[in-house]
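What follows is a single structure, written as structure tokens, with notes after it.
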Amino acid sequence: MKTLLVTGGAGFIGSNFVHYVLEHTEMSVTVLDKLTYAGNLASLEGLPAERFTFVRGDICDAGLVDSLVAGVDAVVHYAAESHNDNSLQDPRPFLETNIIGTYTLIEAARKHGKRFHHISTDEVYGDLELDDPQRFTEETAYAPSSPYSSTKAGSDMLVRAWVRSFGLAATLSNCSNNYGPYQHVEKFIPRQITNVIDGIRPKLYGAGENVRDWIHADDHSSAVLAILERGRIGETYLIGADGEKNNKDVVELILSMMGQAPDAYDHVIDRPGHDLRYAIESSKLRTELGWEPEFANFDAGLAETIKWYREHEGWWRPQKAATEAKYKEQGQ
Numbered sequence: 001m002k003t004l005l006v007t008g009g010a011g012f013i014g015s016n017f018v019h020y021v022l023e024h025t026e027m028s029v030t031v032l033d034k035l036t037y038a039g040n041l042a043s044l045e046g047l048p049a050e051r052f053t054f055v056r057g058d059i060c061d062a063g064l065v066d067s068l069v070a071g072v073d074a075v076v077h078y079a080a081e082s083h084n085d086n087s088l089q090d091p092r093p094f095l096e097t098n099i100i101g102t103y104t105l106i107e108a109a110r111k112h113g114k115r116f117h118h119i120s121t122d123e124v125y126g127d128l129e130l131d132d133p134q135r136f137t138e139e140t141a142y143a144p145s146s147p148y149s150s151t152k153a154g155s156d157m158l159v160r161a162w163v164r165s166f167g168l169a170a171t172l173s174n175c176s177n178n179y180g181p182y183q184h185v186e187k188f189i190p191r192q193i194t195n196v197i198d199g200i201r202p203k204l205y206g207a208g209e210n211v212r213d214w215i216h217a218d219d220h221s222s223a224v225l226a227i228l229e230r231g232r233i234g235e236t237y238l239i240g241a242d243g244e245k246n247n248k249d250v251v252e253l254i255l256s257m258m259g260q261a262p263d264a265y266d267h268v269i270d271r272p273g274h275d276l277r278y279a280i281e282s283s284k285l286r287t288e289l290g291w292e293p294e295f296a297n298f299d300a301g302l303a304e305t306i307k308w309y310r311e312h313e314g315w316w317r318p319q320k321a322a323t324e325a326k327y328k329e330q331g332q
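Residue numbers (full-length UniProt numbering): 1 to 332.
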């Protein structure tokens, strides 16, 4: 593969993947992004012009998608509406982007015979009890609990159906919660980091007992590249870095790393239907494809992330005031 189309490549995880591919391979990348509030062209600054092209557009635009897919070797589909709180306020954009957008892309990939990789989330599996010794595997039944996760589950099923019914050369991956550079300040970790930078007390949903399995965005990117290059067609691979932490511990670690008292945060009302725990079993990915995370130590990855937000205030500052105002309206 010499050329990739990356949808949602101006978003958090997509932009990290674009940087990773251009740094670690000789491939050229075209990004298709609608530039909603979650997309940021500043996340793509400094990329080599001879190997990078940006196209502003909607993945639901069949004509545009068809023309772009025809000119590349493979499609990596990151574009999605992905914020749980937003999906509870207005589910419609999640249906349009996550379902119709994915359908539009796989139809174009089928028509032109292109390799396709679909990015999904561990949230399609629902949640686990805090004391459950099990983790999600590729065989875990789907049990989505929000408009966001249910539309991602639907998009996964579409891709699998196109593999079986039409021979689409596709793979899928479901990843745990990402952290790292270029993440919108509405998300949990960057919100707390930027609050501390601004002298605002971090905010913790409920008691903070909810557990997430954290992975650095660079590790997600390296895993996706491995699947794209060596994954078996039709297979799903779970991506995780054994980074289980509850939200309370993460907030306290951020505060401590940033020179604050670890209890200098406020509890706010919990999110409706807030999943208790996610945990990924990624042995299939590691065994079949030989993948291992670089940031196996969460503390080290978090320290790098705090450093990035301290040094890139110009990137996140324009988003901050409006984001906090929105949370304030919701009592969060």
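Where a beta carbon is used, it is the ideal one built from N, C-alpha and C, also for glycine. Nothing here was measured: the structure is a model prediction, and the numbers come from that model.
Excluding the 5 residues flanking it on each side, G206 has same chain C-beta neighbours closer than 6 Å at D270, in chain order. Restricting attention to A217, T36, P272, K284, the CA atom closest to the CA of F295 is found in A217. Beta-bridge partners assigned by DSSP to C175: T121, I239.
The alpha helix (DSSP H) runs of length 4 or more contained entirely in the segment 137-214 are, from start to end of the chain, 147-166, 188-197.
Counting only residues of its own chain and dropping the five nearest sequence neighbours on each side, T3 has a CB closer than 8 Å to the CB of M27, S28, V29, T30, G71, V72, D73, A74.
Looking at the DSSP output, I280 bridges to F136. By the neighbour-count criterion, in which 16 or more other beta carbons inside 10 Å mark a residue as buried, P133 falls on the exposed side.
No Cβ-Cβ contact shorter than 8 Å links E138 with L225. Cβ contact annotation for R277 (same chain, cutoff 6 Å, sequence separation greater than five): D127, L128, L130, V211, in chain order. Proximity to A264 across T102, G199, G234 peaks at G199, based on C-alpha coordinates. For N16 and Y182, the gap between their C-alpha atoms comes out near 7 Å.
Taking the CA atoms as reference points, G331 sits about 10 Å from A325. One alpha carbon belongs to W315, the other to F166, and they sit about 43 Å apart. Contact between S149 and T121 holds, with the beta-carbon distance rounding to 7 Å and staying under 8 Å. Remark: C-beta atoms of V159 and T102 approach each other more closely than 8 Å. DSSP places E229 inside the alpha helix (DSSP H), whose first and last residues are 217-230. The three-state secondary structure of V55, taken from DSSP, is strand.
Contact annotation: the segment 232-250 touches the segment 176-192, with at least three C-beta pairs closer than 8 Å.
C-alpha of L44 to C-alpha of A80: approximately 18 Å in a straight line. Selection T236, N40, R135, H24 evaluated against R51 yields H24 as nearest (Cα-Cα).
Classified as exposed, G290 has fewer than 16 neighbouring CB atoms from the shown chains inside 10 Å of its CB. Residue environment for S87: buried (at least 16 other C-beta atoms within 10 angstroms of its C-beta).
DSSP places V21 in the uninterrupted alpha helix (DSSP H) bounded by 12-24.
For S176, the closest alpha carbon among the candidates H19, L32, I215 is that of I215. Listed as beta-bridge partners of L32 by DSSP are T7, V55. In summary, P144 is buried, with 16 or more beta-carbon neighbours lying within 10 Å of its beta-carbon over all protein chains present. In this structure, H77 is the residue among R230, G154, H77, L285 with its C-alpha nearest to the C-alpha of F116.
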